[in-house]
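Have a look at the structure below before the remarks.
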Amino acid sequence: MTMKKIVLKVELQSERTKQKVMKTTSGISGVESVNMDMKDMKLTVTGEIDPIKVVGKLRKLCHTEIVSVGAAKESEKKAEEKIENIAKAIVTAPLSYSHVYYPPPPYYVGTVEEYPNSGCVIC
1 MTMKKIVLKV
11 ELQSERTKQK
21 VMKTTSGISG
31 VESVNMDMKD
41 MKLTVTGEID
51 PIKVVGKLRK
61 LCHTEIVSVG
71 AAKESEKKAE
81 EKIENIAKAI
91 VTAPLSYSHV
101 YYPPPPYYVG
111 TVEEYPNSGC
121 VIC
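Residues in the sequence shown are numbered consecutively from 1, following the UniProt record's numbering.
In structure tokens:
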């Protein structure tokens with residue numbers, strides 16, 4: 001998925017409803033930022049998300065309408081930071097030495113006979 005900027009019109013009745021809307025929206029996987037404009041009653045959600053999924057969750061709390069859906073514009077600073085982060089991530093791994101297997105320690109094996117003077121060859 002690509003980064004999307006979704007603008008929703010929500011009808012909030014109280015401050016508690018606003019808190020629930022913000023908590024529900026920020027809890028959706030893929031959401032990067034949530035902004036609320038109380039003057040126009042608009043909620044702006046940015047991230048790799050499905051607009052239908054967001055509206056479906058918010059309609060359980062309040063009346064919600066989709067105003068616009070578009071591609072999120074990344075600033076040049078964020079693009080430069082991403083390039084720098086990628087450059088930092090590409091680092092050669094340190095050389096590792098192969099594991100040295102040491103020989104097992106010597107040990108003594110002794111045999112014990114029950115009757116050493118029995119004279120029987122089969123036993």
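In this text, a Cβ means the ideal position worked out from N, Cα and C, and glycines have one as well.
| Item | Value |
| --- | --- |
| Distance between ILE6 and THR44 (C-alpha atoms, nearest Å) | 6 angstroms |
| Cβ pair THR64, VAL10 closer than 8 angstroms | yes |
| Presumed contact (8 angstroms Cβ cut-off) between LEU8 and VAL55, rounded CB distance | 7 angstroms |
| For ASN35: DSSP bridge partner residues | THR44 |
| Pick from THR46, LYS20, GLU113 and SER14 that is closest to SER29, judged by C-alpha positions | THR46 |
| Spatial distance of GLY70 from LYS88 (CA atoms) | 31 angstroms |
| LYS42 vs VAL21 beta-carbon contact at 8 angstroms | no |
| Bridge-paired residues (DSSP) for SER68 | VAL7 |
| Helix, strand or coil at ILE86 [DSSP, three-state] | helix |
| Helix, strand or coil at ILE52 according to DSSP, with G and I counted as helix | helix |
| Segment limits, alpha helix (DSSP H) that includes GLU15 | 15-26 |
| Pick from CYS62, LYS4, LYS53 and LYS73 that is closest to GLY27, judged by C-alpha positions | LYS53 |
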